[in-house]
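Residue numbers for the sequence shown follow this note's numbering, so the first one is 120 and each next one is one higher.
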Amino acid sequence: MDYSVAKPENAMDIAALHTKSWQSTYHTMLKAEYLSEIAPSERLAVWQSRFSHDNDKQHVIIANHHSKLVGFICVYADHSEEHGSLLDNLHVDSNYHGNGIAKQLITLAMTWLKENAKYPSVHLEVLSGNQHAIKVYEKLGAKRIKEGVWHAPCGSLVDEYVYLWPKIPL
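If you want it as structure tokens, here you go:
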């Protein structure tokens with residue numbers, strides 16, 4: 120497995136994996152039409168936008184296996200005073216689950232945050248139905264601190280949780 124900092128030319132592959140992950144994980148939570156017809160172009164626009172300008176608070180790491188993108192993570196240093204940095208995206212191709220890729224991506228991102236963030240904590244939002252991710256975060260020491268509702272782009276209302284590491288874990 121090769122891990123590296125993402126570049127603008129990775130946006131299309133990241134968007135494709137992001138979409139694939141949403142389609143396989145959120146198919147019971149988000150509208151099918153949205154996932155198949157709108158999400159692909161929407162995710163591409165998001166990633167192209169994220170890479171279109173320098174943001175020293177954003178850090179994206181990718182995992183490649185034989186030159187194929189199989190995972191990525193996106194973090195934002197010092198996203199909020201209350202909860203610190205934000206783990207905004209973590210997606211691993213379902214064919215590669217159980218290989219330690221998510222844990223390695225989190226470790227690399229947390230190492231970067233430790234060097235680049237002034238606030239000591241890290242938080243994330245996860246949909247309540249994403250039990251696989253919740254198990255990973257809890258296994259790595261994150262604690263659920265809040266429950267809410269995500270107003271999804273397709274109009275669905277989906278229960279979500281906020282998880283927090285009070286101190287950047289390493």
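From the three backbone atoms N, C-alpha and C, an ideal C-beta is built for every residue, glycine too.
From the options, residue whose alpha carbon lies closest to that of residue i
| i | options | result |
| --- | --- | --- |
| Ser186 | Tyr122, Asp278, Trp284 and Leu276 | Tyr122 |
| Trp269 | Glu234, Glu244, Ile192 and Gly219 | Glu244 |
| His242 | Thr147, Pro288 and Lys222 | Pro288 |
| His146 | Lys286, Val277 and Arg169 | Val277 |
| Pro159 | Tyr282, Lys286, Pro272 and Trp284 | Pro272 |
| Gly248 | Lys126, Lys139 and Ser143 | Ser143 |
| Ile133 | Ala182, Asn174 and Met229 | Ala182 |
| Met332 | Asn218, Lys286, Arg263 and Glu156 | The question about residue 332 has no answer here: the residues shown for the chain are numbered 120 through 289. |
For residue i, the three-state DSSP class (helix, strand or coil)
| i | result |
| --- | --- |
| Ser140 | helix |
| Gly146 | The sequence given here has His at residue 146, not Gly. Coil, per DSSP. |
| Lys254 | helix |
| Asn235 | helix |
| Asn129 | helix |
| Ser213 | helix |
| Ile264 | strand |
Environment of residue i [buried if 16+ CB atoms lie within 10 Å]
| i | result |
| --- | --- |
| His172 | exposed |
| Leu154 | buried |
| Asn129 | buried |
| Gln151 | In the sequence under discussion, the amino acid at residue 151 is Ala, which differs from the Gln named in the question. Ala151 is exposed by the Cβ-count criterion. |
| Thr230 | exposed |
For residue j and residue i, believed in contact at Cβ under 8 Å, the rounded distance
| i | j | result |
| --- | --- | --- |
| Tyr280 | Lys265 | 7 Å |
| Ser275 | Leu149 | 5 Å |
Given 8 Å, three or more beta-carbon pairs between the segment 206-225 and the segment 153-164: no
Counting Cβ pairs, one atom from each stretch, are 3 or more of them under 8 Å apart for the segment 193-203 and the segment 228-244? yes
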